[in-house]
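S.K.: Numbering (the working numbering), first residue to last: 1269 to 1932.
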Ligand code: RUQ
Ligand code: CUA
C-alpha cells in the first residue's frame, strides 16, 4: 500500500505525459439540467448581467463576454497586433508594442486582474500579463483601450503576474524563469544555474487617480520558478503569496528534474515590510533597460519611453520580508479566500490540497518555528503553517476560487472536474465533470472580499468533441455552471479565443454606465487633427507627405489627391469627425503594406503608406457606415519620382473634364 501511495504522484506525472487527462468522464453529456436554456437566455436587445474578461493565452489579447449568455462582445488587443482595428499598425499605436528588444507584435497573455478598492472590484482598470517578453498592461475600462504597457527587467516568462493588492497599490509580477540579472554578464554556462540565476518579483505602483504604473522596486529571490500568486486581504492584506516550483533548481528536463522534491514552496512576502525597506533606501540601484508605453486619450497617441534604472531589494539580506512554506508538490494555483485567513496551494502532482492559515503562519514566524532555510530564506514547518488538508479532492488540482458562502471550488486538470469543498471542515461537498481538463476557473469577484457566487465559469484546455469539428485545431471551451444551489449545474458551453487562462467577471453595472461612447472632437489634441473639413490639407516636408483628412458619412476629405511621387512616405492622418455613438469609419488604400485603420468618432489615427508604383490608388472606408458607405472613397495619383505635378487636393470640385479626347 505504502509503495502504491508513493508511486501515485509519479503515475500522475506519467498520466499527464501520455495525455491520459483527456479521458472522458462518465455520463458525459447527460449532466445538463433541464432548465439550463432559460437560465442563460438573454432576450434579443437585453443586456447580460456580468462582463467576463478572458485572457487570450497565445492570442495575446483579452476577450470580453457577456454572462450568462456567453456572447462574445469584444476582443481588446493588448500584446498582439490586431489588423481588425489597426492596433499595432497605426502610427499612434505602434509605440505600445515597443520593448527593449524593439517592436514586438505578439505575446502570450495568461492572467487578468481587475482593479480593487478595499478588496472589492472597482471597475476602473484591468491588468494583463505578457509571459514571453515580460510586460504588464493596464486596460482602461471606460474605453476598453490598452492604456499602458510596462516592461519588466530581470525577468523571463512573466507568469506569476499581474496580481494586485487590496487597494491596487501595486501590481505584482513574479518571474517564471529565473535568469542572470540584467546587469550581470549573462554569457554563462546553463549548468551554472544554481550560482548565476536569480528569481525576481516586481512591484509596480499604480497611481490612485490616473492608474499610471511605474516599477517601484524589485525583490531579488532564490532561483525558483514563480508560478502564480495572490495578495492577502483583510488580516493578511500586507502580504503576498507566491507558488514556487523547481525548488530543485533544475536546468534541464524539468518534467523529471523539477518534480523530485516531495514539497516545493509557497513564498509568503511581507510587502508592507518590503515597501518600508524600499522607502528607507535599503534597495540597490541597478542599471537596466525597459520600455514604458503610455497611450494618451487626448492625443489618441502612444509614446514609448525607455527607463534605465530599477531599485532592487535583496530578500536574503533584508530579513523578515520572505518566508517559505513547504507545499506539496509542484504547486500551481495560489489562492486566498475572501476572509484573508486561508491560503490554498494547488500542487499539480499532489493528491491533496493543503490549506494554510495566515494566523498560524504569523505565529510560526514570531516563534521562529523554522525547519531551516532555503538560500537564506527561513522555511516554516509545514504543520505549523497548515490549517488542514482537503483529502482526495481529485487528481491534478490547479486553481481555486471562492463563492463567498464559505466554500471553495477547485479545478482538477487530470480527473477533469471541478470540486466544491468547505473552507472550515475541508469536506468535499460536490463535484461536476468538465469537458475537458479544466485550467483556470472564475467566479465573479472570486478572488476578492466579496465574491458573487451565482456562477462559476471553467476554462478548459481540451475541447475534443464538444463542437462541430474544424480540422485539427479546435476552439477552446468555457463552461458556465450555476453554483447558487447545493449542486453545481452545467448550463452552457461557449467557445473562446486563443487559449483562455485566468479570467475575471464583474457585475455589468460597475462598468456599463461609465463606458465612453465617443471622443469629444474639441478635446482632440492630436498634432495632426482636422477638426472640420475646412482644416483638411496636405503638407509636404521633403519626401514626407502629411495628409490631414476627415471622415464623415459618407465622404472622405480630401478625396482627390495628386502630386504624390515615388519615394514619398505618405501619412494619412484621418480624423473621424462624427460625434455620435457607434459610428466608426475605416480607412484602407490599395497596396498598403499595413492593416486598415478603424477610427472612432472624435479620434485621429494615422496610416503610413509608401507607394510602390506609379498609378491611381483608390482608398475607401472599410466600415459599413451608411447607405452610401460604398461611395465613401477617393483616389490618389502617384507620379514618377522627378515629376513636376504639384500637390493638389479637393473634395467635390475636381469635376470631370468634358472636353478631354476620351469624352468626345
Ligand atoms: S496558468 S491553467 Cu498560465 Cu494561469 Cu494555470
Ligand atoms: Cu464610413 Cu463606411
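C-beta: ideal position from N, C-alpha, C; glycine also.
So what does DSSP say about residue 1589, is it helix, strand or coil?
M.R.: Correct three-state label for residue 1589: coil.
S.K.: Decide if the segment 1545 to 1560 is in contact with the segment 1570 to 1585; the criterion is three or more beta carbon pairs, one per stretch, under 8 angstroms apart.
M.R.: Enough Cβ pairs lie closer than 8 angstroms, so yes.
S.K.: Can you tell me whether residue 1663 sits near the ligand RUQ, meaning its C-beta is under 6 angstroms from at least one heavy atom of the ligand?
M.R.: Checking the Cβ of residue 1663 against the ligand RUQ gives no.
S.K.: What are the start and end residues of each continuous beta strand (DSSP E) run of 3 or more residues lying completely inside the segment 1390 to 1437, in chain order?
M.R.: Fully enclosed beta strand (DSSP E) runs of 3 or longer: 1403 to 1408, 1413 to 1419, 1428 to 1432.
S.K.: So, for residue 1729: in the same chain, excluding its five sequence neighbours on each side, which residues have a beta-carbon less than 6 angstroms away from its beta-carbon?
M.R.: 1705, 1707, listed in sequence order.
S.K.: With residue 1940 and residue 1479 assumed to form a contact (beta carbons below 8 angstroms), what rounded beta-carbon distance in angstroms separates them?
M.R.: The chain is shown from 1269 up to 1932; residue 1940 falls before or after that span and cannot be answered.
S.K.: Tell me whether residue 1958, by its Cβ, gets closer than 6 angstroms to a heavy atom of the ligand RUQ.
M.R.: Lying before the first or after the last residue shown, residue 1958 is absent from the chain, which here runs from 1269 to 1932.
S.K.: Between the C-alpha atoms of residue 1485 and residue 1575, what's the straight-line distance to the nearest angstrom?
M.R.: Cα to Cα, the separation comes out at about 13 angstroms.
S.K.: Is the segment 1873 to 1881 touching the segment 1908 to 1925, taking contact as three or more C-beta pairs under 8 angstroms?
M.R.: At 8 angstroms Cβ cutoff, the stretches do not touch.
S.K.: Got a sec: does the ligand RUQ put a non-hydrogen atom nearer than 6 angstroms to the Cβ of residue 1707?
M.R.: Within the cutoff, so yes.
S.K.: What three-state label does DSSP hand residue 1849 in the structure shown?
M.R.: Note: residue 1849 maps to coil in three-state DSSP.
S.K.: According to DSSP, simplified to helix, strand and coil, what is residue 1302?
M.R.: Residue 1302: coil per DSSP, three-state reduction.
S.K.: Please list, in chain order, all residues of the same chain as residue 1290 whose beta carbon is under 7 angstroms from its beta carbon, the five residues on each side excluded.
M.R.: Only weak support exists for where residue 1290 lies, its pLDDT of 43 falling under 50; the value from the coordinates is given anyway. The residues are 1704, 1705, 1730, 1732.
S.K.: Could you give the DSSP three-state label for residue 1934: helix, strand or coil?
M.R.: Look at the range of the chain in this structure, 1269 to 1932, and you will see that residue 1934 is not part of it.
S.K.: Quick check on DSSP: helix, strand or coil for residue 1679?
M.R.: DSSP places residue 1679 in strand when its eight states are reduced to three.
S.K.: Could you check how far apart the C-beta atoms of residue 1416 and residue 1402 are, in whole angstroms? I think they sit under 8 angstroms.
M.R.: That belief does not hold up - the Cβ atoms of residue 1416 and residue 1402 are roughly 15 angstroms apart, past 8 angstroms.
S.K.: Would you list, in sequence order, the uninterrupted alpha helix (DSSP H) runs of no fewer than 4 residues that lie entirely inside the segment 1517 to 1591?
M.R.: With a minimum length of 4 residues, the continuous alpha helix (DSSP H) runs that stay inside the segment 1517 to 1591 are 1522 to 1525, 1539 to 1547.
S.K.: Quick one: grab the DSSP three-state call for residue 1926.
M.R.: Three-state result, residue 1926: coil.
S.K.: Should residue 1898 go down as buried or exposed, given a rule of 16 or more other Cβ atoms within 10 Å for buried?
M.R.: Exposed, by the Cβ-count rule.
S.K.: Can you tell me whether residue 1483 is helix, strand or coil according to DSSP?
M.R.: Three-state DSSP puts residue 1483 in a strand.
S.K.: Determine the DSSP secondary structure at residue 1702, reduced to helix, strand or coil.
M.R.: Looking at residue 1702 - three-state DSSP - the assignment turns out to be coil, as it is neither helix nor strand.
S.K.: Would you kindly check if the distance between the Cβ of residue 1755 and the Cβ of residue 1693 is under 7 angstroms?
M.R.: Cβ atoms of residue 1693 and residue 1755: not closer than 7 angstroms.
S.K.: Give, in chain order, every unbroken run of the alpha helix (DSSP H) that is at least 4 residues long and sits entirely within the segment 1437 to 1485.
M.R.: Entirely contained in the segment 1437 to 1485, the alpha helix (DSSP H) runs reaching 4 residues are, in chain order, 1461 to 1464.
S.K.: Rounded to whole angstroms, what's the CA-CA distance from residue 1450 to residue 1373? Just pull it up for me.
M.R.: Rounded to whole angstroms, residue 1450 to residue 1373 spans 23 angstroms at the Cα level.
S.K.: Which value, in whole angstroms, describes the spacing of the CA atoms of residue 1553 and residue 1440?
M.R.: Using only the alpha carbons, I get a separation of about 19 angstroms.
S.K.: Within the present structure, is the beta-carbon of residue 1666 separated from the nearest heavy atom of the ligand RUQ by less than 6 angstroms?
M.R.: Correct: residue 1666 has its Cβ closer than 6 angstroms to the ligand RUQ.
S.K.: With DSSP collapsed to three states, give me the class of residue 1821.
M.R.: If DSSP states are grouped into helix, strand and coil, residue 1821 belongs with coil.
S.K.: Check whether the Cβ of residue 1378 lies closer than 6 angstroms to any heavy atom of the ligand SAM, and answer yes or no.
M.R.: Looking for the ligand SAM in the displayed structure turns up nothing; the ligands present are the ligand RUQ and the ligand CUA.
S.K.: Contact defined as beta carbons within less than 8 angstroms: I believe residue 1379 pairs with residue 1770. What is the distance between those atoms, to the nearest angstrom?
M.R.: Going by Cβ atoms, the distance from residue 1379 to residue 1770 rounds to 4 angstroms, so yes, they are a contact pair.
S.K.: Just to confirm the assignment, what range does the alpha helix (DSSP H) spanning residue 1650 have?
M.R.: Here the alpha helix (DSSP H) through residue 1650 covers 1650 to 1653.
S.K.: If I measure Cβ to Cβ from residue 1933 and keep anything under 8 angstroms in the same chain, skipping five residues before and after, which residues do I get?
M.R.: Lying outside 1269 to 1932, the shown extent of the chain, residue 1933 is not represented and no answer is given.
S.K.: Three-state secondary structure (DSSP) at residue 1883?
M.R.: Residue 1883: strand per DSSP, three-state reduction.
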